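Number of protein chains: 2
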Amino acid sequence: MTNLISGIKCRDELKKNLSKRIKKIKEKLTLTVISVGDDEASKIYIKNKIKECQSVNIECNHLHFENITTNKLVKIIKKLNKDSSVTSILVQLPLPKNIDENIIINTIDYKKDVDGLTDINIAKLYSNKKGIIPCTAKGIIDLLEFSKINIEEKNVTIIGRSNLVGKPLAVSLLNKNATVTLCHSKTKNLKIHTKSADIIIVAVGKPGLINQKMVSKDTIIIDVGINRINGKICGDADKSVYKKCKAVTPVPGGVGPMTVYEVLSNTLECYKLQKDKK
Amino acid sequence: MTNLISGIKCRDELKKNLSKRIKKIKEKLTLTVISVGDDEASKIYIKNKIKECQSVNIECNHLHFENITTNKLVKIIKKLNKDSSVTSILVQLPLPKNIDENIIINTIDYKKDVDGLTDINIAKLYSNKKGIIPCTAKGIIDLLEFSKINIEEKNVTIIGRSNLVGKPLAVSLLNKNATVTLCHSKTKNLKIHTKSADIIIVAVGKPGLINQKMVSKDTIIIDVGINRINGKICGDADKSVYKKCKAVTPVPGGVGPMTVYEVLSNTLECYKLQKDKK
Chain Y
7 MTNLISGIKC RDELKKNLSK RIKKIKEKLT LTVISVGDDE ASKIYIKNKI
57 KECQSVNIEC NHLHFENITT NKLVKIIKKL NKDSSVTSIL VQLPLPKNID
107 ENIIINTIDY KKDVDGLTDI NIAKLYSNKK GIIPCTAKGI IDLLEFSKIN
157 IEEKNVTIIG RSNLVGKPLA VSLLNKNATV TLCHSKTKNL KIHTKSADII
207 IVAVGKPGLI NQKMVSKDTI IIDVGINRIN GKICGDADKS VYKKCKAVTP
257 VPGGVGPMTV YEVLSNTLEC YKLQKDKK
Chain E
7 MTNLISGIKC RDELKKNLSK RIKKIKEKLT LTVISVGDDE ASKIYIKNKI
57 KECQSVNIEC NHLHFENITT NKLVKIIKKL NKDSSVTSIL VQLPLPKNID
107 ENIIINTIDY KKDVDGLTDI NIAKLYSNKK GIIPCTAKGI IDLLEFSKIN
157 IEEKNVTIIG RSNLVGKPLA VSLLNKNATV TLCHSKTKNL KIHTKSADII
207 IVAVGKPGLI NQKMVSKDTI IIDVGINRIN GKICGDADKS VYKKCKAVTP
257 VPGGVGPMTV YEVLSNTLEC YKLQKDKK
């Protein structure tokens with residue numbers, strides 16, 4: 007019987023610990039969320055993040071703009087950077103097309119960059135130096151470690167090379183001494199790479215992409231896909247692999263809860279980075 | 007019979023073309039090389055770079071310091087950043103231990119960063135945006151393309167995860183749609199990853215690391231290793247693979263000349279980046 011790796015259980019345990027650590031801090035930790043426009047999915051994500059923050063006593067301020075220019079948003083972020091009562095800043099993506107996403111992201115002080123998307127944090131991750139790691143990548147690492155799944159010396163095949171998940175995950179796992187293969191839409195014969203993997207991490211958004219012919223019985227599958235079929239949410243791994251492989255993260259209830267948790271955890275990391283520099 | 011991939015031939019051809027493109031530019035292109043201390047190997051590398059620059063009409067200014075503080079060197083680099091007669095800047099590594107290498111590198115304007123080592127250039131490479139790519143990684147890509155070796159959709163196994171070679175190479179090849187596996191000292195059973203590769207790139211510094219049992223007859227080997235045995239220079243691939251695999255870069259005469267060439271090529275790229283911004 008396949009072992010289901012519960013992101014909910016892991017998140018709940020880690021949250022207890024995080025909450026204790028936050029209580030010990032005299033200052034109030036605060037997260038400022040910035041959103042622009044009316045993306046429906048974004049609204050749900052933000053609501054979720056605010057609720058989670060409150061549950062560990064992180065104050066959440068939400069700045070919403072129906073419409074704003076790049077220049078004005080830059081000025082607002084620069085003010086937040088200087089404001090010592092602001093611990094971390096999250097710019098909800100995607101931004102409307104009239105706004106220069108790269109400029110906005112890189113205006114955020116890297117020590118307040120809760121999503122780990124600034125150039126400086128990318129370079130720190132790449133060079134294996136202390137910085138803020140993107141939430142989904144960090145959530146997966148934490149989930150593996152919590153589940154006592156060894157990463158070091160393992161062959162990990164990642165499918166999907168996005169800047170938000172695949173690439174930071176590849177670097178994070180490499181930093182933990184895994185041997186990483188990064189596959190994507192141009193990979194020929196994906197099966198060779200999944201069959202030989204100790205751990206498969208799939209983050210593509212294609213339901214059924216991983217089927218039981220592609221996995222070995224000792225494989226662990228981390229399913230980052232979130233797809234909607236007939237109103238039901240499912241991942242990128244076909245349910246048939248659940249019977250065959252060693253362990254798998256369910257969708258929903260696997261990686262998703264971990265990603266939101268890391269917003270809280272990274273807010274504490276931001277606080278620590280700012281303290282270190284003083 | 008194995009095909010030898012000559013870096014010398016490739017460099018000479020590319021240099022002819024580069025020289026023509028530089029001649030068309032009205033401004034004089036200049037490279038400023040900064041070195042500190044008395045590292046013997048560095049002296050030879052610098053001499054080589056200066057000679058190569060002159061051969062394509064790039065003026066080379068060498069600033070050498072026996073001893074200098076981080077702060078003073080930062081001030082010098084800031085001046086060079088502002089000086090419009092300086093096209094590119096190269097800080098010869100390693101720097102003496104009393105100097106903060108990270109601060110020095112990141113003081114260089116990314117548009118003058120001929121080695122592609124600043125955080126901004128790392129992030130640009132990672133995000134597949136236009137920037138300066140580290141010389142050895144770019145040299146290998148150019149050598150493969152010049153040799154008409156297809157990269158797209160190929161399985162490439164890189165051995166060695168340094169910030170100077172392995173990592174930028176992995177990202178560069180990924181950006182060219184290769185499927186990349188990054189191996190290192192903690193990789194178990196290296197042979198699995200080399201046997202299944204279309205292209206093996208080895209950059210470790212261990213003579214004989216790749217032997218004929220580890221390669222297939224259709225494999226192409228790019229040997230970045232430079233080792234000295236009994237006064238002779240050799241790479242990381244054992245000579246026995248030369249008979250077995252499809253093509254290999256010799257050491258010396260393979261990747262080495264390409265790395266130096268890219269200092270010249272990147273100086274032109276720096277010039278273009280600076281023009282773009284005006």
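First to last, the protein sequences are chains Y and E.
Numbers given in this note's numbering equal positions in the first sequence, counted from 1, plus 6.
Numbers given in this note's numbering equal positions in the second sequence, counted from 1, plus 6.
Heads up, the beta-carbon is just placed ideally off N, CA and C, and yes, glycines get one too.
Just so it is clear, the structure is predicted and the values come from calculations on it, not from any experiment.
Local conformation of residue i per DSSP, three classes
| i | result |
| --- | --- |
| residue 65 of chain Y | strand |
| residue 203 of chain Y | coil |
| residue 20 of chain E | helix |
| residue 188 of chain Y | strand |
| residue 246 of chain Y | helix |
| residue 119 of chain E | strand |
| residue 27 of chain E | helix |
| residue 104 of chain E | coil |
| residue 179 of chain Y | helix |
| residue 153 of chain E | coil |
| residue 168 of chain E | coil |
| residue 195 of chain E | coil |
| residue 35 of chain E | coil |
| residue 10 of chain E | strand |
| residue 254 of chain Y | strand |
| residue 80 of chain Y | helix |
| residue 238 of chain Y | strand |
| residue 114 of chain Y | coil |
| residue 146 of chain E | helix |
| residue 217 of chain E | coil |
| residue 158 of chain Y | coil |
| residue 48 of chain E | helix |
| residue 265 of chain Y | helix |
Closest Cα partner of residue i within the set the options
| i | options | result |
| --- | --- | --- |
| residue 6 of chain E | E:261, E:201, E:116, E:73 | Since the first and last residues shown for chain E are 7 and 284, residue 6 of chain E lies out of range. |
| residue 189 of chain Y | Y:124, Y:219, Y:181, Y:166 | Y:166 |
| residue 99 of chain E | E:128, E:48, E:60 | E:48 |
| residue 62 of chain E | E:221, E:282, E:279, E:272 | E:272 |
| residue 71 of chain Y | Y:114, Y:224, Y:102 | Y:102 |
| residue 251 of chain Y | Y:229, Y:132, Y:262, Y:236 | Y:229 |
| residue 8 of chain Y | Y:156, Y:247, Y:50 | Y:247 |
| residue 23 of chain Y | Y:281, Y:267, Y:181, Y:279 | Y:267 |
| residue 129 of chain E | E:181, E:152, E:69, E:107 | E:181 |
| residue 10 of chain E | E:201, E:149, E:195, E:209 | E:149 |
| residue 135 of chain Y | E:125, E:27, E:195, E:192 | E:125 |
| residue 56 of chain Y | Y:194, Y:27, Y:94 | Y:94 |
Span separating the alpha-carbon of residue i from that of residue j
| i | j | result |
| --- | --- | --- |
| residue 254 of chain E | residue 58 of chain E | 25 Å |
| residue 75 of chain E | residue 109 of chain E | 12 Å |
| residue 239 of chain E | residue 213 of chain E | 10 Å |
| residue 173 of chain E | residue 227 of chain E | 18 Å |
| residue 270 of chain Y | residue 19 of chain Y | 14 Å |
| residue 185 of chain E | residue 112 of chain E | 30 Å |
| residue 105 of chain Y | residue 37 of chain Y | 22 Å |
| residue 121 of chain Y | residue 12 of chain E | 45 Å |
| residue 199 of chain E | residue 234 of chain Y | 36 Å |
| residue 276 of chain E | residue 32 of chain E | 15 Å |
| residue 127 of chain E | residue 86 of chain Y | 26 Å |
| residue 16 of chain Y | residue 192 of chain Y | 34 Å |
| residue 25 of chain Y | residue 274 of chain Y | 10 Å |
| residue 218 of chain E | residue 196 of chain E | 13 Å |
| residue 232 of chain E | residue 211 of chain E | 6 Å |
| residue 97 of chain E | residue 169 of chain Y | 29 Å |
| residue 171 of chain E | residue 209 of chain E | 7 Å |
| residue 119 of chain E | residue 30 of chain Y | 44 Å |
| residue 154 of chain Y | residue 216 of chain E | 34 Å |
| residue 84 of chain Y | residue 114 of chain Y | 7 Å |
| residue 164 of chain E | residue 187 of chain E | 6 Å |
Cross-strand partners of residue i (DSSP beta bridge)
| i | result |
| --- | --- |
| residue 229 of chain Y | Y:208 |
| residue 41 of chain E | E:70 |
| residue 97 of chain Y | Y:40 |
| residue 163 of chain E | E:187, E:206 |
Under 8 Å, with one C-beta from each stretch per pair, do the segment 156–164 of chain E and the segment 201–212 of chain Y reach the 3-pair mark? no
Between the segment 176–193 of chain E and the segment 140–148 of chain E, can you find at least three pairs of beta-carbon atoms closer than 8 Å? yes
On the three-pair Cβ rule with 8 Å, is the segment 88–105 of chain Y touching the segment 236–251 of chain Y? no
Is the segment 69–84 of chain E touching the segment 35–47 of chain E in the sense that three or more CB pairs, one from each, lie closer than 8 Å? yes
Proximal residues, the segment 223–241 of chain Y versus chain B, C-beta separation under 7 Å: Included in the structure are the protein chains Y and E, with no chain B among them.
Quick test of the definition: if touching needs 3 or more C-beta pairs under 8 Å, does the segment 255–263 of chain Y touch the segment 217–225 of chain E? no
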